[in-house]
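First up is the structure itself, then whatever we jot down about it.
Numbering (the working numbering), first residue to last: 4 to 358.
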């Protein structure tokens with residue numbers, strides 16, 4: 004929990020962030036509106052509005068601009084709380100929603116009790132910069148996938164079909180298999196696919212370098228077969244520090260891999276996972292779980308546990324087992340990171356008869 008700074012003026016400020024312009028409302032100690040500001044959502048605009056002020060308590064909502072605004076306002080000496088909009092229904096579900104009203108609501112919550120904002124903690128700038136490599140790679144992979152699917156569709160509607168082939172080799176192999184009348188249309192797309200593949204390889208090399216040179220702790224996570232540099236680096240950069248959670252099982256909840264709960268009396272219905280937290284890391288962990296439970300997965304305690312869960316049957320049993328394995332994998336990786344030790348895939352060292 005964030006410590007409350009007592010070395011402040013009694014002013015509270017709510018800042019509703021817009022893409023080009025933000026609105027700020029300043030409250031006095033007794034809750035009266037002293038000032039309303041329109042601030043440009045830039046470094047220069049923020050400095051002009053807040054750099055000269057004595058230390059205040061400022062509340063703003065999480066969003067595209069909130070990471071750098073949070074750092075900038077803190078550098079001016081202010082105490083900043085970044086509100087979680089999923090928790091603050093007073094703002095997100097308001098029937099009378101305007102920038103000024105939202106800003107005033109943020110200011111009043113900050114004045115009363117900042118913990119009512121359910122404040123979130125932004126990653127450090129270095130972690131965000133390194134995460135950009137993963138986000139950029141993800142965007143290029145998605146673009147390449149769309150291009151490959153488009154090429155296959157165009158060939159199919161012409162009465163032909165491209166055979167199965169790996170995506171990295173698609174551009175080279177598909178160029179020799181295209182019908183003659185489609186070369187003029189699809190050859191430029193195949194060139195783009197080849198260029199995307201080359202770009203992805205470049206990102207993979209940089210990710211491997213970051214793992215080896217900047218984040219050597221990722222080597223402990225990669226002891227688990229099925230977890231590569233991409234997943235290990237994303238895990239470390241997303242959580243930032245192993246001291247963030249007291250219990251390893253809290254990581255799964257943070258990443259949205261635990262079911263929602265809506266108990267009422269004797270009713271406790273099964274619900275879908277929350278899908279809170281970082282969707283990229285959640286997707287990578289699910290992909291790792293699919294490999295671990297798949298035909299090429301190594302024999303480990305985690306695999307045995309997941310297969311036993313899937314064998315119970317029932318609707319969507321395999322899908323549930325994959326998500327549960329991803330959740331258990333997140334706890335395992337966090338444990339390896341927090342308490343450096345050698346990973347033992349099988350505690351008893353015996354081979355499994357489960358296939």
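C-beta: ideal position from N, C-alpha, C; glycine also. Just so we're clear, the structure is a prediction, and the values are computed from it rather than from any experiment.
Checklist entry - Hey, residue 277 and residue 286 are a contact pair by Cβ (cut 8 Å); roughly how many whole angstroms apart? => result So it is not a contact: roughly 15 Å between Cβ atoms.
Item to check | Exposed unless 16 or more other CB atoms sit within 10 angstroms - verdict on residue 272 | outcome: exposed
Item to check | Range covered by the beta strand (DSSP E) that runs through residue 27 | outcome: 24-30
Checklist entry - What is the DSSP secondary structure of residue 302, counted as helix, strand or coil? => result coil
Item to check | Collapsed DSSP secondary structure at residue 262 in the structure displayed | outcome: Under the three-state reduction of DSSP, residue 262 is assigned to strand.
Item to check | Local conformation of residue 356 per DSSP, three classes | outcome: With a pLDDT of only 46 at residue 356, under the threshold of 50, the placement of this residue in the model should not be trusted; the figure read from the coordinates follows. Residue 356 falls in the coil class under three-state DSSP.
Next on the checklist: Alpha carbons only, please: which of 68, 78, 235 and 171 is nearest the one belonging to residue 45?
Outcome noted: 68
Checklist entry - The alpha helix (DSSP H) spanning residue 255 covers which residue range? => result Element bounds for residue 255: 253-257.
Checklist entry - Mapping DSSP to helix, strand and coil, what is residue 63? => result In the three-state DSSP reduction, residue 63 falls in the strand class (E or B).
Checklist entry - Which one of 76, 64 and 85 has the shortest CA to CA distance from residue 95? => result 64
Next on the checklist: For residue 274 and residue 326, I'd like the C-alpha separation in whole angstroms.
Outcome noted: 13 Å
Next on the checklist: Tell me the rounded alpha-carbon separation between residue 367 and residue 173.
Outcome noted: Any question about residue 367 goes unanswered here, given that the chain covers just 4 to 358.
Item to check | Through-space distance from residue 305 to residue 368, alpha-carbon basis | outcome: This structure does not reach residue 368, given that the chain is present from 4 up to 358, and the question cannot be answered.
Next on the checklist: Helix, strand or coil, according to DSSP, for residue 19 in the structure here?
Outcome noted: strand
Next on the checklist: Which same chain residues end up closer than 8 Å to residue 157 when comparing Cβ atoms and leaving out the 5 residues on each side of it in sequence?
Outcome noted: Once the five neighbours on either side are set aside, the close Cβ partners of residue 157 are 185, 188 and 189.
Item to check | Beta-bridge pairing of residue 84 - partner residues as DSSP gives them | outcome: 62
Next on the checklist: Using C-beta distances below 7 Å, list every residue in its chain close to residue 223, excluding the 5 sequence neighbours before and after it, in chain order.
Outcome noted: 339, 340 and 343
Checklist entry - Taking buried to mean at least 16 other C-beta atoms within 10 Å of its own C-beta, is residue 60 buried or exposed? => result buried
Next on the checklist: Three or more C-beta pairs under 8 Å: does that hold for the segment 218-232 against the segment 285-302?
Outcome noted: Segments in contact, yes.
Item to check | Separation of residue 111 from residue 53, as counted between CA atoms | outcome: 18 Å
Next on the checklist: Tell me the residue span of the alpha helix (DSSP H) that contains residue 76.
Outcome noted: 69-78
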